[in-house]
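Just so you know, we're using numbering that gives the first Met the number 0 here: the sequence shown kicks off at 0 and counts up by one. Positions of the beta carbon are idealized from the N, C-alpha and C atoms, including for glycine.
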Amino acid sequence: MTRCLLCLAVLFSLGCGGDDEAAVRADPWTAADAIFLGDPNWLGAGGASSVDLGAGRSLWLFSASLVDADGTADRSTAQLVSNTVAVQDGADPTTATLQHHWADGPASLVPDEGSEWHWPLHGIRVGTALTLFYARYRPTTEGLGFESVSWLGLRIPNPDDAPDDWTIAELTVPVLPFPCAGPTTLLLHDGYVHAYCVQDSANHEVFLLRWSEADFNAGKLESPEWAVESGWASENPQAVFDEAAADFTVSLDRFRNNFVQIQGRGISGGFMADALAVRFASGVDGPYSRLETFYEPPEVQPPDLFATAVRGHPQLTGADLVATYIPSGDLEQVQADPAIYYPRFLRLTFR
Numbered sequence: 000m001t002r003c004l005l006c007l008a009v010l011f012s013l014g015c016g017g018d019d020e021a022a023v024r025a026d027p028w029t030a031a032d033a034i035f036l037g038d039p040n041w042l043g044a045g046g047a048s049s050v051d052l053g054a055g056r057s058l059w060l061f062s063a064s065l066v067d068a069d070g071t072a073d074r075s076t077a078q079l080v081s082n083t084v085a086v087q088d089g090a091d092p093t094t095a096t097l098q099h100h101w102a103d104g105p106a107s108l109v110p111d112e113g114s115e116w117h118w119p120l121h122g123i124r125v126g127t128a129l130t131l132f133y134a135r136y137r138p139t140t141e142g143l144g145f146e147s148v149s150w151l152g153l154r155i156p157n158p159d160d161a162p163d164d165w166t167i168a169e170l171t172v173p174v175l176p177f178p179c180a181g182p183t184t185l186l187l188h189d190g191y192v193h194a195y196c197v198q199d200s201a202n203h204e205v206f207l208l209r210w211s212e213a214d215f216n217a218g219k220l221e222s223p224e225w226a227v228e229s230g231w232a233s234e235n236p237q238a239v240f241d242e243a244a245a246d247f248t249v250s251l252d253r254f255r256n257n258f259v260q261i262q263g264r265g266i267s268g269g270f271m272a273d274a275l276a277v278r279f280a281s282g283v284d285g286p287y288s289r290l291e292t293f294y295e296p297p298e299v300q301p302p303d304l305f306a307t308a309v310r311g312h313p314q315l316t317g318a319d320l321v322a323t324y325i326p327s328g329d330l331e332q333v334q335a336d337p338a339i340y341y342p343r344f345l346r347l348t349f350r
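Structure follows, in structure tokens:
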């Protein structure tokens, strides 16, 4: 179980040719990194995504968190907790506050079930309600040591309350027509909630589904539409791009009116990377540009140290797009090196 859990120099531009300047510049934002270092009980995580709660607040969803109930900041005695959350108050991470939450124990906010556990995928607030999706995993002796079993949808009608006081209801989610852990990233656009799903295959193809905003708010998720070459249909989905990582985000750059997909690339199975990469599209369903590397984290030393959880956070301020990644390694490395296993911020500038 422990092994499982721990386990742009871009030449493309939309409609603008002849310019060989990189389309994306990435600058480390060390002043923002400090927001994750202020709690002696929370000592890092293997995955991190964020959800815009509105009014300058964000919900962070963490997987494989190290939690030290005694507050000694000692990772060797910390408990490995499958999922935790934190609420950030303030859109600028250099001035915002962060409050972590987990269940008593410490234990996962979304409980483990026997040998199976839940890792957060992504979430979205539409209107007054928050919806979160989690993947259920179990250990295996093959590959990375774990495999997805199913996915879980949760509806929280009172997301402005502290997570300890949330009312949580489970939603009925659709059965996906291909092997997949569940939606990796969610996006509200033109009256539809869009969800990007990575197929568990050699090429890691991404399929795009959508629900109308009305159906989504009503919890009617069983029958989504899928992106196909001719538009949208109820069956026979077609991939919108491939070579995807297990973690990525798609967000709308409102200043340039295009969509930006951020992910890791490089090492193994979509979970571990040695570089960060980007692609662009003029529409939510594409066509997407080729994947291009834009940043190589200096902490990464494959195969021992790698990057995980590469994601953009469009609701945060301080850059054209704020992104994070997590430098990580095996359990021994994580316990020995307090400089890794925390999210690292990047400020992305689109040229």
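At a cut of 8 Å, does the stretch 152-167 reach the stretch 226-243 through at least three beta carbon pairs? no
Segment limits, beta strand (DSSP E) that includes Leu367: The structure shown does not extend to residue 367, since the chain is modelled only from 0 to 350, so the question has no answer here.
Thinking C-alpha only, which one of Ser211, Pro301, Leu65 is nearest Val80? Leu65
Check each candidate in Pro296, Glu146, Ala85 and name the one with the smallest Cα separation from His117. Glu146
Taking the beta strand (DSSP E) that Leu347 belongs to, which residues open and close that run? 343-349
Might you give, ordered along the chain, the residues of its own chain that have their beta carbon closer than 7 Å to the beta carbon of Leu175, omitting 5 neighbours on each side? Cys196
Count the other C-beta atoms from every protein chain shown that fall within 10 angstroms of the C-beta of Asp18, then say buried if there are 16 or more, exposed otherwise. Because Asp18 sits at a pLDDT of 42, beneath the cut-off of 50, its placement in the model cannot be relied upon, and the following sentence gives the value as read from the coordinates. With fewer than 16 other Cβ atoms within 10 Å, it is exposed.
Close beta carbons around Val172, own chain, < 8 Å, minus the five adjacent residues each side: Phe132, Trp150, Leu151, Gly152, Gly181, Leu220, Glu221
Proximity test, Cβ basis, 8 Å: Phe177 and chain D: In the structure shown, chain D does not exist; there is a single protein chain.
I need the DSSP call for Asp19, collapsed to helix, strand or coil. Caution is warranted here: a pLDDT of 45 is assigned to Asp19, below 50, making its placement in the model unreliable, and the coordinate value is therefore given only provisionally. In this structure, Asp19 counts as coil in the three-state DSSP scheme.
Along the alpha helix (DSSP H) that carries Leu351, what are the first and last residues, could you check? The question about residue 351 has no answer, for the chain in this structure spans 0 to 350.
Pro138 to Ser62, Cα distance in whole Å? 15 Å
Do Asp241 and Asn202 count as a contact pair if the criterion is CB distance below 8 Å? yes
Name the two residues that bound the continuous beta strand (DSSP E) containing Asn82. 78-88
Do Thr323 and Gly263 have their beta-carbon atoms positioned less than 8 Å apart in this structure? no
From the DSSP output, in three-state form, read off Ser200 for me. coil
Could you check the C-alpha separation between Ala90 and Leu60 for me, to the nearest Å? 16 Å
State the Cα-Cα distance for the pair Asp353 and Val86, rounded to the nearest angstrom. This structure leaves residue 353 out entirely; the chain is present only between 0 and 350.
Since Gln314 contacts Ser57 with CB under 8 Å, what's their CB separation in whole angstroms? 6 Å
Ala272 (DSSP reduced to helix, strand or coil): strand
Give the straight-line distance between the Cα atoms of Met271 and Gln332, rounded to the nearest whole angstrom. 15 Å
Selection from Arg350, Leu120, Leu345 that minimises the alpha carbon distance to Thr93: Leu345
Helix, strand or coil for Thr29? Go by DSSP, reduced to three states. helix
May I ask you to report which of helix, strand or coil DSSP gives Pro162? helix
Taking the alpha-carbon positions, what's the Thr76 to Ala31 distance? 27 Å
Going by CA-CA distance only, name the one from Gln98, Leu42, Ser48, Ala54 that's closest to Asp73. Leu42
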